[in-house]
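*Asks:*
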Amino acid sequence: MKTAKIGLLGFGNVGGGTYKILTDNKQIIEKRTGISPEIVKILQRNKKKKRFASADPALLTEDPDDIIKNPEIDIVVEMLGGIEPATSFMVQAMKAGKHVVSANKAAIAANYGLLTETARKNGVRFLFEASVAGGIPVLTSITGALQSNNFIEIMGILNGTTNYILTKMTEESLSYEEVLKDAQDKGFAEADPTADVEGIDAANKLSILMALSFDKYVAPEDIPTKGISKITDRDISSAASQNKVIKLIGTARMEDGKLQYCVQPTLLDNTHPLAGVGNEFNAVYITGDMVGELMFYGKGAGPLPTGSAVCGDIIDIMKNLEV
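The sequence shown begins at -2 in the working numbering and counts up by one.
(1) Exposed or buried, what is Pro221 when buried is set at 16 or more other beta-carbons lying within 10 Å of its beta-carbon?
(2) Three Cβ pairs or more, each shorter than 8 Å: is that satisfied between the segment 151 to 161 and the segment 262 to 280?
(3) Can you give the Cα-Cα distance for Ala90 and Leu143, rounded to whole angstroms?
(4) From which residue to which residue does the alpha helix (DSSP H) around Ser99 run?
(5) Give the C-beta separation of Val11 and Ile314 to the nearest angstrom, bearing in mind that I take them to be a contact with Cβ-Cβ under 8 Å.
(6) If we ignore side chains and look at the alpha-carbon of each, how far apart do Asn160 and Gln257 end up?
(7) Does the separation of the CB atoms of Asp193 and Glu187 fall below 8 Å?
(8) Can you tell me which of Arg250, Ala216 and Thr0 puts its alpha carbon nearest to the alpha carbon of Leu111?
(9) With DSSP collapsed to three states, give me the class of Asp253.
(10) When you compare only the Cα positions, how much space is there between Val242 and Leu264?
(11) Which stretch, first to last residue, makes up the alpha helix (DSSP H) that contains Thr303?
(12) Do you know how far the Cα of Lys38 is from the Cα of Asn201?
(13) According to DSSP, is Asn10 part of a helix, a strand, or is it coil?
(14) Going by C-alpha distance, which of Phe293, Val73 and Ser238 is nearest Ile312?
(15) Check the C-beta distance from Asn146 over to Met287 and give it rounded, since I have them as a contact under 8 Å.
(16) Three or more C-beta pairs closer than 8 Å, one from the segment 298 to 313 and one from the segment 10 to 27: is that the case here?
(17) Considering only DSSP beta bridges, list what Leu171 is partnered with.
(18) Just verifying my parser: in three-state terms, what is the DSSP assignment at Pro230?
(19) Could you tell me which residues DSSP pairs with Lys2 in its beta bridges?
(20) Can you name, in chain order, every residue of its own chain whose Cβ lies under 8 Å from the Cβ of Lys244, other than the five neighbours on each side?
(21) Would you kindly work out how many angstroms separate the C-alpha atoms of Asn267 and Lys165, rounded to a whole number?
(22) Helix, strand or coil for Gln261, going by three-state DSSP, please let me know.
(23) Hey, Asp310 and Leu124 are a contact pair by Cβ (cut 8 Å); roughly how many whole angstroms apart?
(24) Kindly indicate which three-state DSSP category Thr191 falls into: helix, strand or coil?
(25) Go ahead and label Ser128 buried or exposed: buried means 16 or more other beta carbons lie within 10 angstroms of its beta carbon, across all protein chains shown.
(26) Is the separation between the beta-carbon of Thr113 and that of Leu209 shorter than 8 Å?
(27) Does the distance from the C-beta atom of Met87 to that of Glu75 stay below 8 Å?
(28) In the DSSP assignment, the beta strand (DSSP E) including Phe86 goes from what residue to what residue?
(29) Quick one: is Asp189 buried, meaning 16 or more other Cβ sit within 10 Å of its Cβ, or exposed?
(30) Going by C-alpha to C-alpha distance, which of Val307, Leu318 and Glu319 sits closest to Thr137?
(31) What residues match up with Val73 in a beta bridge as DSSP calls it?
Given below as structure tokens:
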């Protein structure tokens, strides 16, 4: 059987989930593709950190060059998070002739043009389904089954932390501060929640969605963005009295030939499909000129849902490898 050699840059939650799927479901992948995925090396920067999955110590390295410059490796999977050194590692891997898969929305949103152009110039593929909405296959749908459509509007609940907070504020009549602490205690929110609660994470994801659906790159910092940290229980009650809910929505729509976009708390009628998306779940609501209205719904984070999307990209590349 043919073999695809894979290197993982990062072995945190997403890296661990990806490793677990590629090992636990290896036979399923082999049966469906006729190719065996083989993990050759894993970059693990902090050996003391608790891991979602454990790997053969012989696979582990602290030197990224063991993956990036390894002539044996076909596919480099970047799951480090942050803009640097992740972007530089991806560029180096592409220039070395390796296909790249990434789950890193911050790096992709910040350097979309550089990464896509470097991949094109070097004749390699660059896939990043897991960078938006975790396990939900929205990017591959936009670039695949929906690519004959002119997109009219995209609306998304793109951040699970803020959706969890707003859901609990609505359902349990709790204050923002109370729910944020609860979310932090349960691991849904970071100790420093700024990127989530101020809409920065959602803006990164909206930037990527717009680049693929409207063929227009807008840097995340150029997207008008407002978070949820100023939402009060009084705001929630006022919305409920109008049969509405408040959701943090990333929106992009064509109006008179011009693309309008923002991330902000939005009043939605209780009957709107996005209104019922609760807790840490994500959803993307798309309107196309031919397909009409569609909604993609599922877990927007977590080792296995996000790892599933990463593995989907890996398998897509595997099928087209000359191995």
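By construction, the Cβ of each residue, glycine as well, lies at the ideal position given by its N, Cα and C atoms.
*Replies:* In this structure, then:
(1) exposed
(2) yes
(3) 30 Å
(4) Per DSSP, Ser99 belongs to no alpha helix (DSSP H); it is in the beta strand (DSSP E), His96 to Ser99.
(5) 17 Å between Cβ atoms; not a contact.
(6) 23 Å
(7) yes
(8) Ala216
(9) coil
(10) 6 Å
(11) Pro300 to Lys316
(12) 29 Å
(13) helix
(14) Val73
(15) 5 Å
(16) yes
(17) The partner list for Leu171 (beta bridge, DSSP) is empty, contrary to what the question assumes.
(18) Residue identity differs from the one stated: residue 230 is Asp in this sequence, not Pro. Of the three classes helix, strand and coil, the one that applies to Asp230 here is helix, per DSSP.
(19) Glu35
(20) Ile154, Asn160, Leu163, Pro262, Thr263, Leu265, Leu271, Ala272 and Val274
(21) 16 Å
(22) strand
(23) 4 Å
(24) helix
(25) buried
(26) no
(27) yes
(28) Premise fails: Phe86 lies in the alpha helix (DSSP H), Ala83 to Lys92, not in any beta strand (DSSP E).
(29) exposed
(30) Val307
(31) Gly4 and Val97
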